[in-house]
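Comments concern the structure below.
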Amino acid sequence: MGRYLARRLGFILFTMLLASVIIFVITQLMPGDVAQMIAGRWATQEALAKLRTELGLNRPVVVQYLDWVGRFIVGDWGKSLTTGSEALPLVMSRLRNSAMLAGLAFLFYVPPGILLGVVAALKRDQLIDQLITAVSMAFVGLPEFVSGLLLIAFIALGLGWLPANSSIDPGASFVEAFPQLILPAIAVSLTSLGYVARMTRSSTIEVLRTDYVRIAYLKGLPRHQVLFKHVLRNALLPTVTVVAMGIGWLIGGLIVTEAVFGYPGLGRLLVYGIQRRDLILIQACSMVIITIYSVSNLVADILYGLLNPRIRLG
Amino acid sequence: MSAATNDQLPILDVQDLSVAYATEAGMLHTVRHVSLRVGRGEVYGLVGESGSGKTTLASAVVRYLPANGRILGGRVLLNGVNLLELSPADMRRVWGAQIAVVPQSPRTSVNPSIVIGEQIAEVARVHLGMSRPAAWQKALDMLHQVGMPDPEAVALRYAHQLSGGMLQRVLIAMALTTNPQLLIMDEPTTGLDVTTEAVILDLIQELLQRYQSAALYITHNLGVVARICNWVGVMYAGELMEEGSIQDVFKCAMHPYTLGLLGCVPRVDASKHEVRLYTIPGYIPRLDQLPGGCIFAPRCMLAEAACQEQRPPLVEVNPRHLTACRRWPEVEADRGRFVRFQERVSSARQMSDEPPVLEAQGIKKYFKSTGRMFSLGLSGKMPMVRAVDDISLSARRNLTVGIVGESGCGKTTLARCIVGLEEATAGEVMLEGQRLPAAVTRRPRALLKKLQMVFQNPDASLNPQHTVADIIGRPLVLLGNIGKEAVLERCAALLEAVNLPVSYLNRLPHELSGGEKQRVAIARAFAAQPSVLICDEPISALDVSVQAALLNLLVELQAAEGNAYLFISHDLAAVRHISDWIVIVYLGRLWEVGPAAQVFAPPMHPYTEALLSAIPIPDPDVRQERIRLSGSVPSAVNIPPGCRFHTRCPRKLGPICESEEPPWQSVDGQHRICCHIPLDTLCQLQKDVLDTARSSPCAPTPAGLGSGV
Numbered sequence: 008m009g010r011y012l013a014r015r016l017g018f019i020l021f022t023m024l025l026a027s028v029i030i031f032v033i034t035q036l037m038p039g040d041v042a043q044m045i046a047g048r049w050a051t052q053e054a055l056a057k058l059r060t061e062l063g064l065n066r067p068v069v070v071q072y073l074d075w076v077g078r079f080i081v082g083d084w085g086k087s088l089t090t091g092s093e094a095l096p097l098v099m100s101r102l103r104n105s106a107m108l109a110g111l112a113f114l115f116y117v118p119p120g121i122l123l124g125v126v127a128a129l130k131r132d133q134l135i136d137q138l139i140t141a142v143s144m145a146f147v148g149l150p151e152f153v154s155g156l157l158l159i160a161f162i163a164l165g166l167g168w169l170p171a172n173s174s175i176d177p178g179a180s181f182v183e184a185f186p187q188l189i190l191p192a193i194a195v196s197l198t199s200l201g202y203v204a205r206m207t208r209s210s211t212i213e214v215l216r217t218d219y220v221r222i223a224y225l226k227g228l229p230r231h232q233v234l235f236k237h238v239l240r241n242a243l244l245p246t247v248t249v250v251a252m253g254i255g256w257l258i259g260g261l262i263v264t265e266a267v268f269g270y271p272g273l274g275r276l277l278v279y280g281i282q283r284r285d286l287i288l289i290q291a292c293s294m295v296i297i298t299i300y301s302v303s304n305l306v307a308d309i310l311y312g313l314l315n316p317r318i319r320l321g
Numbered sequence: 118m119s120a121a122t123n124d125q126l127p128i129l130d131v132q133d134l135s136v137a138y139a140t141e142a143g144m145l146h147t148v149r150h151v152s153l154r155v156g157r158g159e160v161y162g163l164v165g166e167s168g169s170g171k172t173t174l175a176s177a178v179v180r181y182l183p184a185n186g187r188i189l190g191g192r193v194l195l196n197g198v199n200l201l202e203l204s205p206a207d208m209r210r211v212w213g214a215q216i217a218v219v220p221q222s223p224r225t226s227v228n229p230s231i232v233i234g235e236q237i238a239e240v241a242r243v244h245l246g247m248s249r250p251a252a253w254q255k256a257l258d259m260l261h262q263v264g265m266p267d268p269e270a271v272a273l274r275y276a277h278q279l280s281g282g283m284l285q286r287v288l289i290a291m292a293l294t295t296n297p298q299l300l301i302m303d304e305p306t307t308g309l310d311v312t313t314e315a316v317i318l319d320l321i322q323e324l325l326q327r328y329q330s331a332a333l334y335i336t337h338n339l340g341v342v343a344r345i346c347n348w349v350g351v352m353y354a355g356e357l358m359e360e361g362s363i364q365d366v367f368k369c370a371m372h373p374y375t376l377g378l379l380g381c382v383p384r385v386d387a388s389k390h391e392v393r394l395y396t397i398p399g400y401i402p403r404l405d406q407l408p409g410g411c412i413f414a415p416r417c418m419l420a421e422a423a424c425q426e427q428r429p430p431l432v433e434v435n436p437r438h439l440t441a442c443r444r445w446p447e448v449e450a451d452r453g454r455f456v457r458f459q460e461r462v463s464s465a466r467q468m469s470d471e472p473p474v475l476e477a478q479g480i481k482k483y484f485k486s487t488g489r490m491f492s493l494g495l496s497g498k499m500p501m502v503r504a505v506d507d508i509s510l511s512a513r514r515n516l517t518v519g520i521v522g523e524s525g526c527g528k529t530t531l532a533r534c535i536v537g538l539e540e541a542t543a544g545e546v547m548l549e550g551q552r553l554p555a556a557v558t559r560r561p562r563a564l565l566k567k568l569q570m571v572f573q574n575p576d577a578s579l580n581p582q583h584t585v586a587d588i589i590g591r592p593l594v595l596l597g598n599i600g601k602e603a604v605l606e607r608c609a610a611l612l613e614a615v616n617l618p619v620s621y622l623n624r625l626p627h628e629l630s631g632g633e634k635q636r637v638a639i640a641r642a643f644a645a646q647p648s649v650l651i652c653d654e655p656i657s658a659l660d661v662s663v664q665a666a667l668l669n670l671l672v673e674l675q676a677a678e679g680n681a682y683l684f685i686s687h688d689l690a691a692v693r694h695i696s697d698w699i700v701i702v703y704l705g706r707l708w709e710v711g712p713a714a715q716v717f718a719p720p721m722h723p724y725t726e727a728l729l730s731a732i733p734i735p736d737p738d739v740r741q742e743r744i745r746l747s748g749s750v751p752s753a754v755n756i757p758p759g760c761r762f763h764t765r766c767p768r769k770l771g772p773i774c775e776s777e778e779p780p781w782q783s784v785d786g787q788h789r790i791c792c793h794i795p796l797d798t799l800c801q802l803q804k805d806v807l808d809t810a811r812s813s814p815c816a817p818t819p820a821g822l823g824s825g826v
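First to last, the sequence lines map onto chains A and B.
Just add 7 to the spot in the first sequence (first one is 1) and you have our numbering.
Just add 117 to the spot in the second sequence (first one is 1) and you have our numbering.
Spelled out as structure tokens, the structure:
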């Protein structure tokens, strides 16, 4: 297990390094000159040259890259080119918002998804299974901007139960923000709910067919014991991995949902940065998202290893 | 012991049981009107080819059929209680407590993510009402009972950390935890090596005697039945054909199917030069197309018109000896005609002096250990798997070299190196005096065609999208330059040579049975007119009757074409039957080489001796020496120093075996062995074995529960 972990960790560090190079190169290739953007269209050549020297833009690209990575690691992420505020606290407050939304969405889809999947597998080919399968297929195929708009139209505007706009105050606590989190969390959950349910269903069916489950029944174990001890432990292995990897997507990848509901998360900040060509924000947001993706991948690997004795003891 | 139990209530009494599967094609009546009884302390063997319904019958007895299975009629009495009338909840109380099942594939039958000990302990908790610590103690005790070394450590391990033989012990321990009245064993040793099988069979035999359970033992292996059962039922296409005590059925079989099955099995004491194996023509009928009269009639050598009119009932010809053949009086009266179905032939060929067609010199194949997928990488040193470590052998025209050894000993890697599918690390292969490049891709076509291979699994070696004509014609087109019509003509001739109808040319592999597919694979190999044919376990996946037919086919083709064969198998009887020359492989090296007749009679090398004594022989009167190898073949990464066999050798001399590589000793001309023990000592050992075997009276009781030699 130790070796396995070390390997995964090394792999993730390598991924992040590679990602940082790509992000840096892309932001370098973006049209427009950084100094020009900061100084404004009418700045003089002297002012621009001075600014370039200050910003270190005259140095070789490799040196600039290393400088950027070094600063990033120690927490000096620079100032937003458009708002002039420090990037680090800004990104962090958005990350916090994203995490709140992700946490709620997670609760909305993981337990129900697993439950539905297991029920469908146990009632295989019966009406309830067909129902669950059909619904989860529909959910998987439903894009978030559609489900989000439908939710806004019916639940927020039609019934008036929940607010349509989720632009919470910066620094609002989870409890304060809760009413505004529900609708976007549901919108996000639907796709994943279907995915988790289908995944759980197929792996449970597979395990139910194994020889060791047959033997467990033939040992005369009570049904619930066979199910929880012999079936689910093995059947949920692939689901756990997918769910853990989904954390990264939940936090960094909700760009569309956040836009639909006007929710101030990390995705929205990234879009804002891209629209304004705010290199500092783009770099900071991208690196945070990459980091979260990598960490959630690592978590998935660790969980898989912990649950699977072949790896834990291999 | 068996006669005494007749008066008592049998533990298991199956009466007129019929089972069917609901399929798209309608109901398939897999088991029809089968009755059988198993008394306390008895082992009832259920034999038959695949598709005979044995496993369905066992599943019906425990009421664990697949979802589309239906029990259509009959009763299953366990101590007088009809299991078929129990509620699911009551049935659950019977499972594990009164009936326990030992399944076929130990590797997939143990839960991979729960420690071994817990999987045994949970049975004790549920059925014996034990507390956690007491149940754990019980689990340790059970592991000890099944001869598991170091039960405390094993109890904490997971399935992937144990070998197949160890896992089968675990499953047996699990089954016996509650001391159930009935054990159902479904081919419990089928996937195991012959040496491991022997050890597990000894264990089963000993435990059944100790626990006095009744056991229903399902197998396709007549040798296993003869070794451990008291009673045997022969099933065919869902019905019992014959039933009786082991002695009755093996010594005075009253049904032509039983006689046929017995005749199919190659014997260790006779080769292709003495006998031609009996084969049962045709195949098991499809369940939706059963013949009207006797279901075996279409394949029976005794069938007459009357046999096809009415289904013959099971009649009791002797006390508890039943047969479903209406001509049994003729079978009995004229047994001389039927007792030995194996024809005697005499075609002994002399070892010729002509140079060998194939010579492999000092073949080595080392792999980088990829061991555990995830543990690689960080530490630099890669351990080497020495799969084949310096093996030399040669093959001559018209003769067959048998290559024998346990799984993991390097047989297949050796074959793949010779054919070029693996690039040998060292050594060279000479074919008809020409040196072959190591990799098949660099070998010239003219030489490629001379070296052909038949693989174990025809499903994997035949392209499912190609017709039989494509498959057989491909080497003809590639390796020769002949026209389209000539190719078809030659394909037809080849099909005929492997005893398949020419109409099969347009079929796809999935339209053929396992035996037919292997025939196509053999035809493809012969299409290139090879001078050497390598057969890697060509019959292992097939039923006994099909095995016999293929062995006969290979023998006939060799007699006609004069090819040299390399025949790889773990089945010693088959190897003995077909080979002229035998080499014994263990951990990548040869340990004994010699003419087939001399290698086994008597076995000189301790490893050969152990292999030979492990073969289950389908004759209850045969008394075998009981040499058992402990553990499994060591990993080819950590090969033991000195003699590689010393860790398991039952005749180990002493420290010399652990430190020095043994020398080659010549037994008799070409027969050589590699062992530290002096030849004289080995000869004396074998003489003693023979003497004890002669002096011990041949007990009339079934070999089943008698004490071993």
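Note that beta-carbon positions come from the ideal geometry of N, C-alpha and C, so glycine has one too.
Owing to the predicted nature of the structure, the values given are computational and were not obtained by experimental measurement.
Examine chain B for any beta-carbon lying closer than 7 Å to the beta-carbon of residue i, and answer yes or no.
i, result
"residue 237 of chain A", "yes"
"residue 228 of chain A", "yes"
"residue 48 of chain A", "no"
"residue 316 of chain A", "yes"
"residue 313 of chain A", "no"
Could you tell me the distance, in whole angstroms, from the CA atom of residue i to the CA atom of residue j?
i, j, result
"residue 766 of chain B", "residue 535 of chain B", "29 Å"
"residue 664 of chain B", "residue 216 of chain A", "31 Å"
"residue 16 of chain A", "residue 283 of chain B", "36 Å"
"residue 203 of chain A", "residue 189 of chain B", "40 Å"
"residue 685 of chain B", "residue 505 of chain B", "15 Å"
"residue 230 of chain A", "residue 205 of chain B", "11 Å"
"residue 104 of chain A", "residue 26 of chain A", "24 Å"
"residue 182 of chain A", "residue 232 of chain B", "44 Å"
For residue i, decide whether its Cβ has a neighbour in chain A, counting only Cβ atoms nearer than 7 Å.
i, result
"residue 856 of chain B", "Since the first residue of chain B shown is 118 and the last is 826, residue 856 of chain B is not available in this structure."
"residue 234 of chain B", "no"
"residue 213 of chain B", "yes"
"residue 209 of chain B", "yes"
"residue 529 of chain B", "no"
I need the DSSP call for residue i, collapsed to helix, strand or coil.
i, result
"residue 199 of chain B", "strand"
"residue 623 of chain B", "helix"
"residue 369 of chain B", "coil"
"residue 569 of chain B", "strand"
"residue 445 of chain B", "helix"
"residue 146 of chain B", "strand"
Along chain A, in chain order, which residues have C-beta atoms closer than 9 Å to that of residue i?
i, result
"residue 247 of chain B", "Those do not exist, as residue 247 of chain B stays about 14 Å from chain A at its closest Cβ, beyond 9 Å."
"residue 147 of chain B", "Ordered by position in chain A, no residue passes the 9 Å Cβ test against residue 147 of chain B, which lies about 18 Å from the chain."
For a contact meaning CB atoms closer than 8 Å, what does residue i contact in chain A?
i, result
"residue 218 of chain B", "222 and 225"
"residue 222 of chain B", "218"
Let's test the definition: count the other Cβ atoms within 10 Å of the Cβ of residue i and tell me whether it reaches 16, buried, or not, exposed.
i, result
"residue 128 of chain A", "buried"
"residue 302 of chain B", "buried"
"residue 48 of chain A", "exposed"
At 8 Å on the CB atoms, spell out the chain B contacts of residue i, in chain order.
i, result
"residue 219 of chain A", "225, 226, 227, 228 and 229"
"residue 241 of chain A", "228, 229 and 230"
Residues of chain B with CB closer than 9 Å to the CB of residue i, please, in chain order.
i, result
"residue 320 of chain A", "274, 275, 277 and 278"
Determine whether the Cβ of residue i lies closer than 7 Å to any Cβ atom of chain E.
i, result
"residue 710 of chain B", "Here the protein chains are A and B, and chain E is not one of them."
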